[in-house]
Amino acid sequence: MFLVKKRSKLMKKILFLIGLFFILIFITNVYAVEFVKITVDNTPGTIGEGLERDVDGLTIKAVNVNDQPGTEFDSADLRIIEILPANQYTLDVGESVIVAGREVTLSGIVSTGAKLGVDGVAITIPEGTEREFRGLAIKILEIHNEPGIEFDWVRLRIIEGAPININFLRVGDSISLFGKTITLDMTGGGTIVPSAGGVGSPSVLKMDVVSTQESQERNSWWVFILATIALIIIFLTYRNFSVYRVNRNRMNTRRR
0 MFLVKKRSKL MKKILFLIGL FFILIFITNV YAVEFVKITV DNTPGTIGEG
50 LERDVDGLTI KAVNVNDQPG TEFDSADLRI IEILPANQYT LDVGESVIVA
100 GREVTLSGIV STGAKLGVDG VAITIPEGTE REFRGLAIKI LEIHNEPGIE
150 FDWVRLRIIE GAPININFLR VGDSISLFGK TITLDMTGGG TIVPSAGGVG
200 SPSVLKMDVV STQESQERNS WWVFILATIA LIIIFLTYRN FSVYRVNRNR
250 MNTRRR
């Protein structure tokens, strides 16, 4: 009897771990998103909503994607900036740079990111993260911080307020910026997976869009549905195991 109870507890733990594994796989490795397909001059690019990509010398972020059935009202808000050298700076600890009349100083490097001061007001920004602060949009592209190295440095991107770089485009519209023509070819729905790499550091994840299609309807619920199905299967398996265990105990009791 003690052995049966012990096996039952072990099975509960195994089923719980299997369920947790499936949930983590669905949530952290596959995402359903809206996306845009663009062309910069003759170079195509696909960008998931809320993500940014470097396409033909421009950094483009799909700030917001409006994807409706058909293409009549499909549109997107795109933030478009130059990559190099206009917006990127490399600062050693203690150095400063003036952007849009504001002084940005690298105060130090800590485990949570780069410590900056903007006109004397402190902020800490993790590597690979962008923050809007005191009228500036600051993204930490790379942190170089090795033990025993005296001159640690940070590479960062600073632009004067993200909103001024956002452009509203409908599907088929084009805009000319920085000597290049950016065209919004389509919006749609698809799935994205994280991959190694990214701007500035191998440790920063970027997202690759796969299995894209023009959406007939928004598909942001499919991950939740798959996770629910996995949990239902686990629940049914556990229930069947419990019924089997009860029946077996009854049979053993009768034999005695």
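If you're matching positions, the sequence shown starts at 0 in numbering that gives the first Met the number 0 and goes up one per residue.
Ideal Cβ placement from N, Cα and C applies to all residues, glycine included.
Among all the DSSP beta bridges, which residues are the ones paired with GLU81? Position 82 of the sequence shown, counted from the start, is the residue given in the question as residue 81. Residue pairing by DSSP places GLU81 opposite LEU57 in a beta bridge.
Could you tell me whether the Cβ atoms of GLY112 and GLU126 are closer together than 8 Å? As a working mapping, residue 112 is identified with position 113 in the sequence shown. As a working mapping, residue 126 is identified with position 127 in the sequence shown. GLY112 places its beta carbon less than 8 Å from that of GLU126.
In this structure, how does DSSP classify LEU135 when only helix, strand and coil are distinguished? Here residue 135 refers to the residue found at position 136 of the sequence shown. Residue state, collapsed to three classes: strand.
Return helix, strand or coil for TYR88, following the three-state DSSP convention. Here residue 88 is taken as the residue at index 89 of the sequence shown, counted from 1. Strand, per DSSP.
What does DSSP give as the partner residues of ASN144 in its beta bridges? Sequence index remark: in the sequence shown, residue 144 carries index 145 (1-based). Bridge partners of ASN144: none, in fact.
Short check: CB of THR42 to CB of THR182, under 8 Å? Numbered from its first residue, the sequence shown carries residue 42 at position 43. Numbered from its first residue, the sequence shown carries residue 182 at position 183. Going by C-beta atoms, THR42 is not nearer than 8 Å to THR182.
Using alpha carbons as the reference points, say which of GLU48, SER74, GLU131 lies closest to MET185. Your numbering for residue 185 matches position 186 in the sequence shown. Residue SER74 is the option with its Cα nearest to MET185.
Please list the terminal residues of the continuous beta strand (DSSP E) segment that includes GLY171. Residue mapping note: residue 171 aligns to position 172 of the sequence shown, counting from 1. Per DSSP, GLY171 is not a residue of any beta strand (DSSP E), being assigned neither H nor E.
Proximal residues to GLY134 (C-beta, below 6 Å), its chain only, five neighbours per side dropped: Here residue 134 corresponds to residue number 135 of the sequence shown, with the count starting at 1. Excluding sequence neighbours, GLY134 sits near GLY160.
Pull up the distance between the alpha-carbon of ILE228 and that of ASN65, whole angstroms please. One-based indexing of the sequence shown puts residue 228 at position 229. One-based indexing of the sequence shown puts residue 65 at position 66. Straight-line Cα distance between these residues: approximately 29 Å.
For THR227, which three-state DSSP category applies? As a first step, residue 227 is located in the sequence shown; it is residue number 228 there, counting from the start. Note: THR227 maps to helix in three-state DSSP.
At the level of alpha carbons, what is the spacing between PRO146 and ARG169? Here residue 146 refers to the residue found at position 147 when the sequence shown is read from its first residue. Here residue 169 refers to the residue found at position 170 when the sequence shown is read from its first residue. About 50 Å.
Measure the CB-CB distance between ILE82 and THR45 and report whether it falls below 8 Å. Here residue 82 refers to the residue found at position 83 when the sequence shown is read from its first residue. Here residue 45 refers to the residue found at position 46 when the sequence shown is read from its first residue. For ILE82 and THR45, no; Cβs fall outside 8 Å.
Determine the extent of the beta strand (DSSP E) in which THR45 is found, giving its start and end residues. Taking the sequence shown and counting its residues from 1, the one referred to as residue 45 is at position 46. That run of the beta strand (DSSP E) goes 42 to 47.
Only counting the same chain, and skipping five residues up and downstream in sequence, which positions put a Cβ closer than 7 Å to that of LEU176? Reading the sequence shown from its first residue, position 177 is the one you call residue 176. Same-chain partners within the cutoff: ILE79.
Beta-carbon spacing of THR104, SER95 below 8 Å: Counted from its first residue, the sequence shown places residue 104 at position 105. Counted from its first residue, the sequence shown places residue 95 at position 96. The Cβ-Cβ distance between THR104 and SER95 falls below 8 Å.
Any idea which residues DSSP pairs ALA99 with across the strands? For this step, residue 99 is matched to residue 100 along the sequence shown. Beta-bridge analysis with DSSP links ALA99 to no other residue.
Which value, in whole angstroms, describes the spacing of the CA atoms of ILE124 and ALA99? Taking the sequence shown and counting its residues from 1, one reaches residue 124 at position 125. Taking the sequence shown and counting its residues from 1, one reaches residue 99 at position 100. Approximately 20 Å, taken between the alpha carbons.
Nearest-angstrom Cα separation, counted from ALA85 out to ARG154: As a first step, residue 154 is located in the sequence shown; it is residue number 155 there, counting from the start. As a first step, residue 85 is located in the sequence shown; it is residue number 86 there, counting from the start. C-alpha separation (whole angstroms): 13 Å.
Near GLY171, which residues of its chain fall below 6 Å by C-beta distance, leaving aside the five closest residues on each side in sequence? To locate residue 171, count along the sequence shown from 1; it is residue 172. Excluding positions up to five away in sequence, the list is empty.
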